[in-house]
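Have a look at the structure below before the remarks.
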Ligand SMILES: Cc1cc2nc3c(=O)[nH]c(=O)nc-3n(C[C@H](O)[C@H](O)[C@H](O)COP(=O)(O)OP(=O)(O)OC[C@H]3O[C@@H](n4cnc5c(N)ncnc54)[C@H](O)[C@@H]3O)c2cc1C
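Residue numbers (our numbering): 262 to 662.
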């Protein structure tokens, strides 16, 4: 009997290839008529395959859910092994300044060609338009699969790599196995701020800002981008991932404070005071500070009610305080979210306690394995979600017999 893999995504292909390399006869069952669809659109069409990270201890810090449990798996198959895997199979990779790793071709097609080429070479059989509905784990050497078109398939081992799903419906066959599931919720999204008075400035950004939810410790640093619906860029998207559950509970309605600089309130105040005390006669309105783009600076000065003719040396204490507020803690009301087009994931899925993390097999059913986003693991943007798909796929596929 053979090994069946459910899902022709990143984790499914990786698991299938690892199993076939060990000599197993492998079948992939995919519910749609397409394969590797997320890989194709990933990273804006460039596929951010992994992240350049020195050690598993550093890597796990990028996973709002599941990271700590992945330290060991990452030490067996982490970013270094991922790079070697693709490069040995003819896909040269490059690392960008921020640590993200892409194919040198800047095209996700290179990754797809590699995975499909390996699957063909190893004789992996792909069954499209086969939606798994239920699983009968007969015993430790036989699992029977039932598909929507009334077909059934018997296999010795099963690897489930069916991805995340925005609805619990996508996890029904897992629920029937009695597995503990975390409700699926969105992660990696941008903030809608319908009442924002900065929407006309869409496209402007600061490279070193921060976003905070007042009254909490929820805060992230990084670039902040003004969009026509609110705000985006890494500071926002990281915050959305780390507090996906908190924001879900608040129905995506909460206040935020944006600091348009990388300075603390007191540092901002001291700098502005020094301009006043040094008697700087330049107009505040026309002389932006802290690397803030001129048009954004002017909008902030309007909010701070600093007149267009005012010079730095004549700023009143009240004006100075308002400047500090709108530069360092500019308030907005978030109301809703928008999917981040470059990358998004589902937080939630099967609880990691159900899984033996050496092999990614289920503790209840040792010949059933899970890999990829179907697990309750998700990372921030930067190649971390694929890394988890490669790691769990590789370990599950290598262990399946
Ligand atoms: C637009 C976008 C861009 C992204 N960019 C990046 C990036 O650059 N870097 C990064 O690290 N991550 C990125 N991600 C996240 C990453 O793509 C996912 O985390 C990863 O693809 C998960 O792989 P997977 O194989 O677990 O699931 P999936 O890729 O979702 O594959 C699951 C497959 O299983 C199939 N399936 C589901 N249910 C059944 C069933 N019942 N029967 C049979 N088949 C079934 C699905 O149709 C699907 O083909 C991006 C995500 C999106 C949406």
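Note that beta-carbon positions come from the ideal geometry of N, C-alpha and C, so glycine has one too. Quick caveat: nothing in here was measured; it's all calculated off a predicted structure.
Reference residue i; option with closest CA among the options
{"i": "residue 593", "options": "559, 487 and 568", "result": "487"}
{"i": "residue 481", "options": "470, 491, 489 and 343", "result": "470"}
{"i": "residue 419", "options": "286, 346, 341 and 533", "result": "286"}
{"i": "residue 572", "options": "314, 538 and 605", "result": "538"}
{"i": "residue 408", "options": "540, 586, 268 and 566", "result": "268"}
{"i": "residue 330", "options": "636, 358, 308 and 351", "result": "636"}
{"i": "residue 508", "options": "451, 458 and 294", "result": "451"}
{"i": "residue 644", "options": "575, 567, 584 and 363", "result": "363"}
{"i": "residue 333", "options": "620, 532, 356 and 639", "result": "620"}
{"i": "residue 392", "options": "314, 382 and 406", "result": "406"}
{"i": "residue 358", "options": "346, 397 and 313", "result": "313"}
{"i": "residue 259", "options": "276, 417, 270 and 277", "result": "The requested residue 259 is not part of the displayed model; the chain covers only 262 to 662."}
{"i": "residue 492", "options": "581, 416, 517 and 274", "result": "517"}
{"i": "residue 381", "options": "337, 328, 289 and 399", "result": "289"}
{"i": "residue 495", "options": "323, 550, 461 and 611", "result": "323"}
{"i": "residue 613", "options": "656, 443 and 606", "result": "443"}
{"i": "residue 415", "options": "376, 629, 374 and 318", "result": "629"}
{"i": "residue 503", "options": "607, 577 and 374", "result": "607"}
{"i": "residue 577", "options": "320, 600, 536 and 611", "result": "536"}
Per-residue burial, residue i [other beta carbons within 10 Å of its own, 16 or more giving buried]
{"i": "residue 542", "result": "exposed"}
{"i": "residue 499", "result": "buried"}
{"i": "residue 648", "result": "buried"}
{"i": "residue 379", "result": "buried"}
{"i": "residue 489", "result": "exposed"}
{"i": "residue 423", "result": "buried"}
{"i": "residue 473", "result": "buried"}
{"i": "residue 311", "result": "buried"}
{"i": "residue 413", "result": "exposed"}
{"i": "residue 348", "result": "exposed"}
{"i": "residue 579", "result": "exposed"}
{"i": "residue 631", "result": "buried"}
{"i": "residue 598", "result": "buried"}
{"i": "residue 410", "result": "exposed"}
{"i": "residue 639", "result": "buried"}
{"i": "residue 548", "result": "exposed"}
{"i": "residue 351", "result": "exposed"}
{"i": "residue 457", "result": "buried"}
{"i": "residue 510", "result": "exposed"}
{"i": "residue 361", "result": "buried"}
{"i": "residue 476", "result": "exposed"}
Short Cβ contact (8 angstroms threshold) for residue i with residue j
{"i": "residue 339", "j": "residue 652", "result": "yes"}
{"i": "residue 395", "j": "residue 434", "result": "yes"}
{"i": "residue 624", "j": "residue 615", "result": "yes"}
{"i": "residue 325", "j": "residue 448", "result": "yes"}
{"i": "residue 622", "j": "residue 283", "result": "no"}
{"i": "residue 354", "j": "residue 296", "result": "no"}
{"i": "residue 279", "j": "residue 264", "result": "no"}
{"i": "residue 589", "j": "residue 526", "result": "yes"}
{"i": "residue 468", "j": "residue 484", "result": "yes"}
{"i": "residue 595", "j": "residue 453", "result": "yes"}
{"i": "residue 646", "j": "residue 604", "result": "yes"}
{"i": "residue 591", "j": "residue 521", "result": "yes"}
{"i": "residue 446", "j": "residue 609", "result": "yes"}
{"i": "residue 585", "j": "residue 529", "result": "yes"}
{"i": "residue 564", "j": "residue 587", "result": "yes"}
{"i": "residue 401", "j": "residue 627", "result": "yes"}
{"i": "residue 369", "j": "residue 306", "result": "yes"}
{"i": "residue 459", "j": "residue 560", "result": "yes"}
{"i": "residue 574", "j": "residue 540", "result": "yes"}
{"i": "residue 465", "j": "residue 534", "result": "no"}
{"i": "residue 337", "j": "residue 557", "result": "no"}
{"i": "residue 345", "j": "residue 654", "result": "no"}
{"i": "residue 303", "j": "residue 309", "result": "yes"}
{"i": "residue 662", "j": "residue 430", "result": "no"}
Opposing strand residues paired with residue i [DSSP bridges]
{"i": "residue 674", "result": "Limits of the chain in this structure are 262 at one end and 662 at the other, which puts residue 674 out of reach."}
{"i": "residue 471", "result": "482 and 520"}
{"i": "residue 290", "result": "267 and 388"}
{"i": "residue 594", "result": "516"}
{"i": "residue 466", "result": "486"}
{"i": "residue 639", "result": "326"}
{"i": "residue 617", "result": "622"}
{"i": "residue 451", "result": "599"}
{"i": "residue 491", "result": "453"}
{"i": "residue 296", "result": "DSSP, once it has assigned bridges, lists no residue as partnering residue 296."}
{"i": "residue 572", "result": "544"}
{"i": "residue 356", "result": "362"}
{"i": "residue 630", "result": "420 and 622"}
- In chain order, which alpha helix (DSSP H) runs of at least 4 residues are fully inside the segment 306-350? For the segment 306-350, whole alpha helix (DSSP H) runs of length 4 or above, ordered along the chain, are 317-320, 332-337 and 340-349.
- Return the chain-ordered ranges of every alpha helix (DSSP H) run that is complete within the segment 511-557 and spans a minimum of 4 residues. With a minimum length of 4 residues, the continuous alpha helix (DSSP H) runs that stay inside the segment 511-557 are 526-538.
- Message: Going residue by residue through the segment 359-434, where are the continuous alpha helix (DSSP H) segments of at least 4 residues, counting only ones entirely within it?
- Response: Counting whole runs of 4 or more residues, the segment 359-434 contains the alpha helix (DSSP H) stretches 369-382.
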